[in-house]
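Enquirer: Each residue of the sequence shown is one higher than the last, beginning at 0 in this note's numbering.
The beta-carbon is built from N, C-alpha and C at its ideal position, and this holds for glycine as well.
Every value quoted in this text rests on a predicted model; they were computed, and no experiment measured them.
Got a structure for you, questions after.
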Amino acid sequence: MAKVWIDGETSIEVEDADGVNAFNFTVDDKQIIVSAGQTILEAVQRRNGIGNIPALCHHPAVKPYGACRICTVEVSEDGGSKFKFVAACLYPVKEGLIVRTNTERIRQLRKGIIELMLARCPNVKRIQELAEEYSVDKPRFVLGDQDCILCGLCVRACQEIIGKSAISLVNRGIYREVAAPFYAYELTEECIGCGDCAFVCPTGAIEMGDDSKPVLPKVKIPYAEVEALMKKETAATS
Numbered sequence: 000m001a002k003v004w005i006d007g008e009t010s011i012e013v014e015d016a017d018g019v020n021a022f023n024f025t026v027d028d029k030q031i032i033v034s035a036g037q038t039i040l041e042a043v044q045r046r047n048g049i050g051n052i053p054a055l056c057h058h059p060a061v062k063p064y065g066a067c068r069i070c071t072v073e074v075s076e077d078g079g080s081k082f083k084f085v086a087a088c089l090y091p092v093k094e095g096l097i098v099r100t101n102t103e104r105i106r107q108l109r110k111g112i113i114e115l116m117l118a119r120c121p122n123v124k125r126i127q128e129l130a131e132e133y134s135v136d137k138p139r140f141v142l143g144d145q146d147c148i149l150c151g152l153c154v155r156a157c158q159e160i161i162g163k164s165a166i167s168l169v170n171r172g173i174y175r176e177v178a179a180p181f182y183a184y185e186l187t188e189e190c191i192g193c194g195d196c197a198f199v200c201p202t203g204a205i206e207m208g209d210d211s212k213p214v215l216p217k218v219k220i221p222y223a224e225v226e227a228l229m230k231k232e233t234a235a236t237s
């Protein structure tokens with residue numbers, strides 16, 4: 000008998016896995032049989048003792064996005080001769096795939112990503128927990144004071160689950176943020192106050208207000224950038 004995993008929580012016992020539309024692959028030297036159509040993260044999640052793949056921007060109710068890259072793993076499709084980095088939430092399981100989830104190379108890569116997140120969001124509990132797990136004591140970068148990691152989960156939940164577009168990711172670079180249409184912080188009638196955006200937020204950046212509507216995080220511009228803007232405005236008016 001072979002155990003075939005249908006999703007992250009459900010498995011079935013079959014006499015011959017060859018007759019099932021399934022893939023046999025390896026995760027950290029352990030063989031797994033999963034039904035076709037799953038990503039590495041979906042195949043590994045919630046399996047005790049198999050794999051170590053953290054994720055922040057993933058939620059089973061919405062399509063994978065690959066924003067945080069904290070779920071990066073190493074994979075080989077040639078029997079182990081060559082390995083490459085991929086995002087586990089996006090990469091589909093294939094027959095004979097070899098996956099490594101906790102090598103030194105992966106830990107160092109995740110450590111770098113977490114360090115950047117910790118510099119941006121030093122007061123977010125989930126980021127602090129990851130920093131402790133991966134031994135990130137103090138970022139080498141100037142600390143920010145943000146709560147939002149720009150994973151886009153709230154935007155995708157609004158669009159894909161609720162069928163609305165009350166919020167979206169706007170702007171670029173340090174000005175990137177979650178906002179209502181026309182860069183507004185106040186939500187319009189497009190928002191039905193369901194709270195899904197706050198529910199899926201991995202950092203607690205979005206909270207429900209007293210009026211039963213979400214309160215969006217406001218981008219906090221670094222002091223150096225504020226000073227540069229003030230100098231630019233002064234020069235323009237002088």
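(1) With a threshold of 8 Å, are at least 3 pairs of Cβ atoms found where one atom belongs to the region 26 to 42 and the other to the region 108 to 116?
(2) Alpha carbon to alpha carbon, what distance is there between I69 and Q44?
(3) Within its chain, find whatever has a CB closer than 7 Å to the CB of V247; leave out the 5 residues flanking it on each side and keep chain order.
(4) Tell me whether F181 is buried or exposed, calling it buried when 16 or more other Cβ atoms sit within 10 Å of its Cβ.
(5) Any contact of the region 63 to 77 with the region 97 to 112, i.e. 3+ C-beta pairs under 8 Å?
(6) Output the distance between the C-alpha atoms of P121 and D195, rounded to the nearest integer angstrom.
(7) Please classify D162 as buried or exposed, where buried requires at least 16 neighbouring CB atoms within 10 angstroms.
(8) Can you give the Cα-Cα distance for P63 and I160, rounded to whole angstroms?
(9) Note down, in chain order, each residue of its chain lying with its Cβ closer than 7 Å to the Cβ of E76, except the 5 sequence neighbours on either side.
(10) Can you tell me whether DSSP reads V85 as helix, strand or coil?
(11) Could you tell me which of R175, D144 and V135 sits nearest to G151, measuring between CA atoms?
(12) Going residue by residue through the region 139 to 164, where are the continuous alpha helix (DSSP H) segments of at least 4 residues, counting only ones entirely within it?
(13) Under a three-way DSSP split, which group does E206 fall into?
(14) Quick one, which of I52, D209 and C157 has its alpha-carbon nearest E189's?
(15) For I220, which residues in the same chain have their Cβ closer than 6 Å to its Cβ, ignoring the five residues on either side in sequence?
(16) What residues in its chain sit with their C-beta under 7 Å from that of Y133, if we drop five residues either side in the sequence?
(17) How many angstroms separate the CA atom of G78 from the CA atom of L55?
(18) Report all residues from its chain with a CB closer than 7 Å to the CB of G50; omit the five preceding and five following residues, and keep chain order.
(19) Which of helix, strand or coil does DSSP assign to Q107?
Expert: Working from what's here:
(1) Pairwise C-beta distances place the region 26 to 42 out of contact with the region 108 to 116, as fewer than three of them are shorter than 8 Å.
(2) As a first step, residue 44 must be located in the sequence shown, where it is residue number 45. As a first step, residue 69 must be located in the sequence shown, where it is residue number 70. In this model, Q44 and I69 are separated by some 14 Å (Cα to Cα).
(3) Residue 247 is absent from the structure shown; the chain starts at 0 and stops at 237.
(4) As a working mapping, residue 181 is identified with position 182 in the sequence shown. By the 16-neighbour rule on beta-carbons within 10 angstroms, F181 is exposed.
(5) As far as the Cβ criterion goes, the region 63 to 77 touches the region 97 to 112, which means the pair count is three or higher.
(6) Along the sequence shown, one-based indexing puts residue 121 at 122. Along the sequence shown, one-based indexing puts residue 195 at 196. In a straight line, the C-alpha of P121 is about 25 Å away from that of D195.
(7) The residue given as residue 162 occupies position 163 in the sequence shown. Reading off the sequence shown, one finds Gly at residue 162, where the question assumed Asp. G162 should be labelled exposed.
(8) On the sequence shown, position 64 is the one that residue 63 refers to. On the sequence shown, position 161 is the one that residue 160 refers to. C-alpha separation (whole angstroms): 13 Å.
(9) Along the sequence shown, one-based indexing puts residue 76 at 77. Excluding residues within five positions, the ones whose Cβ falls inside 7 Å are K93 and L96.
(10) Taking the sequence shown and counting its residues from 1, one reaches residue 85 at position 86. Three-state DSSP puts V85 in a strand.
(11) Along the sequence shown, read from residue 1 onward, the residue named residue 151 stands at position 152. Answer by Cα proximity: R175.
(12) Listed in chain order, they are 152 to 155.
(13) Along the sequence shown, one-based indexing puts residue 206 at 207. Reduced to three states, the DSSP call for E206 is strand.
(14) The residue labelled residue 189 in the question sits at position 190 within the sequence shown. Answer by Cα proximity: C157.
(15) If you number the sequence shown from 1, residue 220 lands on position 221. Its pLDDT being 45, under 50, I220 is placed unreliably by the model, and the measurement read from it follows with that caveat. Excluding its 5 nearest sequence neighbours in each direction, I220 has no C-beta neighbour in its own chain below 6 Å.
(16) Locating residue 133 in the sequence shown gives position 134, counting from the first residue. The beta carbon of Y133 lies closer than 7 Å to those of R106, R109, K110 and I113 in the same chain, with the five residues before and after it left out.
(17) Along the sequence shown, one-based indexing puts residue 78 at 79. Along the sequence shown, one-based indexing puts residue 55 at 56. Approximately 30 Å between the Cα atoms of the pair.
(18) Translated into the one-based positions of the sequence shown, residue 50 becomes position 51. For G50, where only same-chain residues beyond five positions count, the Cβ hits under 7 Å are V26, D27, V43 and T100.
(19) Stepping through the sequence shown from its first residue, residue 107 is reached at position 108. Helix at Q107.
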